[in-house]
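Chemist: As you go down the protein sequences, you meet chains A and B in turn. Numbers 110 to 409, taken from our numbering, label the letters of the first sequence in order. Numbers 487 to 973, taken from our numbering, label the letters of the second sequence in order.
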Amino acid sequence: MSGLSHLRQLEAESIHIFREVAAECQTPVLLYSIGKDSSVLLRLAQKAFYPGPIPFPLLHIDTGYKFREMIEFRDRYTAELGVKLIVHTNRAALNEGANPFAWGTQRCCGGLKTQALLDGLRQGGFDAAIGGARRDEERSRAKERVFSFRNEKGQWDPRNQRPELWNIFNAHIHRGESLRVFPLSNWTELDVWQYIHAENIPVVPLYFAHVRPMLVRGDTLLPIEQPFVPRLPGEQPELVKCRMRSLGCSPCTGAIRSDADTVPRIIEELVVMRRSERQNRVIDHDQDGSMEIKKQEGYF
Amino acid sequence: MAAPAVLALEDTFEEFLELEKSKDLLRFTTAGSVDDGKSTLIGRLLYDSRNVYEDQLESVTKASAGRAAGGIDFSLLTDGLRAEREQGITIDVAHRYFSTARRKFIIADTPGHEQYTRNMVTGASTAELAIVLVDARKGLLPQSRRHAYIAAMLGLPHVAVAVNKMDLVGYDEDIFRAIESDFRKFLSAFPAIEPFFIPISALAGDNVVSRSRNMPWFHGPALLEYLEQVPVGNRARQSAFRFPVQRVVRPNRDFRGYAGNIASGQVRVGDNIVVLPSGKTTTVAGITTFDGDLDEGQAGQAVTLTLSDEIDVTRGDLIAAADDAPSVASSIDATIVWLNDAPAELGRRYRLKHMARQEWAELSAIEYRLNINSLAREAATTLEMNAIGAVRITAARPLAFDSYDQNRTTGSFVVIDPVTNATVAAGLISGAANSGAGSHTDKVFGWHVKNGALVISGKGSGEPISDAETLELLKALLKKLGIDECF
Chain A
110 MSGLSHLRQL
120 EAESIHIFRE
130 VAAECQTPVL
140 LYSIGKDSSV
150 LLRLAQKAFY
160 PGPIPFPLLH
170 IDTGYKFREM
180 IEFRDRYTAE
190 LGVKLIVHTN
200 RAALNEGANP
210 FAWGTQRCCG
220 GLKTQALLDG
230 LRQGGFDAAI
240 GGARRDEERS
250 RAKERVFSFR
260 NEKGQWDPRN
270 QRPELWNIFN
280 AHIHRGESLR
290 VFPLSNWTEL
300 DVWQYIHAEN
310 IPVVPLYFAH
320 VRPMLVRGDT
330 LLPIEQPFVP
340 RLPGEQPELV
350 KCRMRSLGCS
360 PCTGAIRSDA
370 DTVPRIIEEL
380 VVMRRSERQN
390 RVIDHDQDGS
400 MEIKKQEGYF
Chain B
487 MAAPAVLALE
497 DTFEEFLELE
507 KSKDLLRFTT
517 AGSVDDGKST
527 LIGRLLYDSR
537 NVYEDQLESV
547 TKASAGRAAG
557 GIDFSLLTDG
567 LRAEREQGIT
577 IDVAHRYFST
587 ARRKFIIADT
597 PGHEQYTRNM
607 VTGASTAELA
617 IVLVDARKGL
627 LPQSRRHAYI
637 AAMLGLPHVA
647 VAVNKMDLVG
657 YDEDIFRAIE
667 SDFRKFLSAF
677 PAIEPFFIPI
687 SALAGDNVVS
697 RSRNMPWFHG
707 PALLEYLEQV
717 PVGNRARQSA
727 FRFPVQRVVR
737 PNRDFRGYAG
747 NIASGQVRVG
757 DNIVVLPSGK
767 TTTVAGITTF
777 DGDLDEGQAG
787 QAVTLTLSDE
797 IDVTRGDLIA
807 AADDAPSVAS
817 SIDATIVWLN
827 DAPAELGRRY
837 RLKHMARQEW
847 AELSAIEYRL
857 NINSLAREAA
867 TTLEMNAIGA
877 VRITAARPLA
887 FDSYDQNRTT
897 GSFVVIDPVT
907 NATVAAGLIS
917 GAANSGAGSH
927 TDKVFGWHVK
937 NGALVISGKG
947 SGEPISDAET
957 LELLKALLKK
967 LGIDECF
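Okay, structure coming up:
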């Protein structure tokens, strides 16, 4: 008998991780970000607990600046699956006028994402947050554990991580401390799309190429969902065939020019294209090693 | 020639997708010190197999400009954390991913200094192959031996010894052969390892992705070709059926299943199984998955088993082939690697996590500490961070296990400090303590009543046993059931 393909092996390992969190943590929650990785997480969770239901709720940290299509997809898909969805927003920061142009990307992310996440986890009393981060996304993530420890302030200490051996995970924490758990740690972007294709998993339509109005600034295509995105003098949106390679807040997520309007075409584009997916995320580049700093502070 | 994962024009895209789906996965580990060129080798593997994105390359080219070396500093592709980039060292285990037309790869990249033995062990724990780097100018150093020893200890079937920096010794065959001969002598102590020796230059790209013209005297494949061809996953598939129960699935009154990943072997509907440590036997009624019921399952698959009889099974139990069952004992001999600043304390109670099972366990004896450089056994009363020792551990309740040599999943455990919650040790089970020949005490696994006869299942040699041995088995069974005296 020959072995499992890499995709089935990754699937089984992720299922194992899901079952360990559910068994060893008191109040786990799945951090649902609506993107393709979240869609894959949900399918893996369904498989892990079948024929039972997914035994924990979903938490979405809504900055208020997500794409409209993301929110529509979120509400439709979670209802269809019959899972419990909790939405948390840092209203206070929004009321103070938080947006990436007024506050700068670092402060805006700090308030609407990092602070909102920590508050949302605390309010729900969650001791483990399951997320879709992958080690291939960014250099500092390459060293993140599958069960990643956070102190009582929700912070990550990259120099003092628990050794993680074989597939044995240590989920022990003291009161107030928490875990972030990453079932997709060993998946690559290509693995995720191949799995979406193989499993026919629904994803937000923004991933597929479509003619959309965009502000075109050199190589950057900027969506114009929010009124506060400043225009250059005389600048008018242009209709461009494009798609989102990763989904975040609309003011900080650039689109890419693309004709890929099906999952196989996206895979084809990925194989041919040689730029990494977070490259269109403004927040990762605001300082050298910036993702590592955000993570230490508590960002996902 | 190794083929990069790019689309060949003659392939249709559907064929490409099918090919992609059927690829298997090799996990390997690399260890080496600051100067061995390990990060350069990995950077080279990623770069030459076209697994580096343009913007990542731009970002490291930008960063390289601030450092001494000219051109691309491949090591910057892999050194992840800021502290490491600033100090120019690798301090933890980093994972890298790349693929070729034939296979997907996961690299666990670890530092090689003595004080990082724990990281090497961590990286090797999930790997099937280790690349040991040797600097051609320096020959066999203690850390190369250490890395090879750890690979052997952790049961990696394949070790590739890459003699690096051949460009700096004029691609001299004699230098390569001398190192090969030295290393073969050292490895002869580990007959389970099948070593592969290869001369390379990570910096110049010789024999990394494609065969080098500078070393026509070397007739083997390039490193990447070798990595593409090494067989994977054989051992787990060929071992006896083992299924650690992670979760009892009971969505309604009509369904009661046991979820887990098949650690080794195969299982078919109707197979006789034993549940350990209780020793109850029954048969497999069904193999359930989200994608439909299966007739059989194989090592690596995540499934939910249903059983023919209503017996008590909980998380942490081990379901195993009834005719080839593992050992059951509370007291075990093991090799442990100490991972924590706070040294091991004899007589102290720790938490032991073994598959999905957690037990209180006492460190009851330290037989010896292994000197990782000389491989000598030294007397010890404690084990400090990075020490490797042979110990005896006594758990509060019986554990069902195989020796690590036989099964990497059922033979491994971690030790957790109950106060700090830190993972303080990694353990590899050698066997039941005091498991002398002739004793059946640890060899009783289960019993059931069939046609009015008491059937005791055990792991014997298959030879008929004497009346005295039968009596001993019966006593052992009664003891297992908590009945100490009855004769």
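All C-beta atoms in this analysis are idealised placements derived from N, C-alpha and C, irrespective of residue type, glycine included. Keep in mind it's a predicted model, so treat the numbers as computed, not measured.
At which residues does the beta strand (DSSP E) containing residue 410 (chain A) begin and terminate?
Modeler: One cannot answer for residue 410 (chain A) here, as it falls past the ends of chain A, which runs 110 to 409.
Chemist: How is residue 650 (chain B) classed by DSSP in three states: helix, strand or coil?
Modeler: Looking at residue 650 (chain B) - three-state DSSP - the assignment turns out to be strand.
Chemist: Given this structure, state the Cα-to-Cα distance separating residue 201 (chain A) from residue 225 (chain A), to the nearest angstrom.
Modeler: Their backbone Cα atoms lie some 10 Å apart in a straight line.
Chemist: Tell me, please, whether the CB atom of residue 297 (chain A) is closer than 8 Å to any CB atom in chain B?
Modeler: Yes, residue 297 (chain A) lies at the interface with chain B (some Cβ there is under 8 Å from its Cβ).
Chemist: Flag residue 307 (chain A) as yes if its beta-carbon sits less than 8 Å from any beta-carbon of chain B, otherwise no.
Modeler: Yes, because at least one Cβ of chain B sits closer than 8 Å to the Cβ of residue 307 (chain A).
Chemist: Judging by CA-CA distance, which residue of B:773, B:882, B:679 and B:591 is the nearest neighbour of residue 528 (chain B)?
Modeler: It is B:591 whose Cα lies nearest to the Cα of residue 528 (chain B).
Chemist: Taking DSSP's pairing of strands, which residues face residue 584 (chain B) in a bridge?
Modeler: Answer is B:591.
Chemist: Alpha carbon to alpha carbon, how far is residue 340 (chain A) from residue 910 (chain B)?
Modeler: Approximately 56 Å between the Cα atoms of the pair.
Chemist: Please tell me whether residue 510 (chain B) has its Cβ less than 8 Å away from any Cβ of chain A.
Modeler: Interface residue, yes.
Chemist: By DSSP, does residue 268 (chain A) sit in helix, in strand, or in coil?
Modeler: Correct three-state label for residue 268 (chain A): coil.
Chemist: Do you know whose CA, among A:363, A:205 and A:154, lies nearest residue 240 (chain A)'s CA?
Modeler: Ranking A:363, A:205 and A:154 by Cα distance to residue 240 (chain A) puts A:154 first.
Chemist: How is residue 299 (chain A) classed by DSSP in three states: helix, strand or coil?
Modeler: Helix, per DSSP.
Chemist: State the DSSP-derived secondary structure class of residue 984 (chain B), mapped to helix, strand or coil.
Modeler: Here chain B covers residues 487 to 973 and nothing more, so residue 984 (chain B) does not appear.
Chemist: Identify whether residue 134 (chain A) lies in helix, strand or coil by the three-state DSSP scheme.
Modeler: Three-state result, residue 134 (chain A): coil.
Chemist: List the residues that DSSP assigns as beta-bridge partners of residue 703 (chain B).
Modeler: Answer by DSSP bridge pairing: none, since residue 703 (chain B) is not bridged.
Chemist: Which residues in the same chain have their Cβ closer than 6 Å to the Cβ of residue 194 (chain A), if we skip the five residues on either side of it in sequence?
Modeler: Excluding positions up to five away in sequence, the list reads 167 and 187.
Chemist: Please report the distance separating the alpha-carbon of residue 171 (chain A) from that of residue 141 (chain A).
Modeler: One C-alpha to the other measures close to 10 Å.
Chemist: Would you report the Cα separation of residue 337 (chain A) and residue 357 (chain A), rounded to the nearest angstrom?
Modeler: Their Cα atoms are separated by approximately 17 Å.
Chemist: Can you tell me which residues form a DSSP beta bridge with residue 846 (chain B)?
Modeler: DSSP output for residue 846 (chain B) lists B:837 as bridge partner(s).
Chemist: Can you tell me whether DSSP reads residue 509 (chain B) as helix, strand or coil?
Modeler: It is coil, neither helix nor strand.
Chemist: Pull up the distance between the alpha-carbon of residue 247 (chain A) and that of residue 593 (chain B), whole angstroms please.
Modeler: Taking the straight line joining both Cα atoms gives about 15 Å.
Chemist: May I have the straight-line CA-CA distance separating residue 344 (chain A) from residue 284 (chain A), to the nearest angstrom?
Modeler: Computed Cα separation, rounded: 53 Å.
Chemist: Quick check: is the beta carbon of residue 553 (chain B) nearer than 8 Å to any beta carbon in chain A?
Modeler: Here the model assigns residue 553 (chain B) a pLDDT of 43, short of 50, so the residue's position is not dependable, and the following value carries that caveat. Judged by the 8 Å Cβ criterion, residue 553 (chain B) is not in contact with chain A.
Chemist: What separation, rounded to the nearest whole angstrom, lies between the Cα atoms of residue 666 (chain B) and residue 589 (chain B)?
Modeler: C-alpha separation (whole angstroms): 28 Å.
Chemist: To which residues does DSSP link residue 337 (chain A) through a beta bridge?
Modeler: According to DSSP, residue 337 (chain A) bridges with nothing at all.
Chemist: Should residue 175 (chain A) be flagged as near chain B, meaning a C-beta pair shorter than 8 Å?
Modeler: Closer than 8 Å: no.
Chemist: Kindly say whether residue 182 (chain A), judged by its beta-carbon, lies nearer than 8 Å to any beta-carbon of chain B.
Modeler: Residue 182 (chain A) does not count as touching chain B.
Chemist: May I ask you to list, following chain order, the residues of the stretch 251-275 of chain A that have a beta carbon less than 8 Å from some beta carbon of chain B?
Modeler: Listed by position, the residues of the stretch 251-275 of chain A near chain B (Cβ gap below 8 Å) are 251, 252, 267, 268, 270, 271, 272, 273, 274 and 275.
Chemist: Distance cutoff 8 Å, beta carbons only. Does residue 830 (chain B) sit that close to anything in chain A?
Modeler: No, no contact with chain A.
Chemist: From this set, B:514, B:959 and B:919, which residue's C-alpha is nearest residue 714 (chain B)'s C-alpha?
Modeler: Ranking the options by Cα distance to residue 714 (chain B), first place goes to B:514.
Chemist: Tell me, to the nearest whole angstrom, how far the beta carbon of residue 311 (chain A) is from that of residue 346 (chain A); I am working on the premise that it is less than 8 Å.
Modeler: With 8 Å as the limit, residue 311 (chain A) and residue 346 (chain A) do not qualify as a contact, their Cβ atoms being about 28 Å apart.
Chemist: Give me the subset of the stretch 134-153 of chain A whose CB atoms are less than 7 Å from a CB atom of chain B, sorted by chain position.
Modeler: If the cut-off is 7 Å between Cβ atoms, the stretch 134-153 of chain A has nothing near chain B.
Chemist: Could you compute how far the alpha carbon of residue 580 (chain B) sits from the alpha carbon of residue 899 (chain B)?
Modeler: The alpha-carbon atoms of residue 580 (chain B) and residue 899 (chain B) are separated by roughly 22 Å.
Chemist: What does a CB cutoff of less than 8 Å around residue 330 (chain A) pick up in its chain, not counting 5 residues either side in sequence?
Modeler: The answer, listed in chain order, is 323, 324, 349, 351, 363, 364, 365 and 366.
Chemist: Judging by CA-CA distance, which residue of A:220, A:360, A:133 and A:342 is the nearest neighbour of residue 290 (chain A)?
Modeler: Among A:220, A:360, A:133 and A:342, the Cα nearest to that of residue 290 (chain A) belongs to A:133.
Chemist: If I'm right that residue 619 (chain B) touches residue 648 (chain B) with Cβ under 8 Å, what's the distance once you round it to whole angstroms?
Modeler: About 5 Å separates the two Cβ atoms, so the contact holds.
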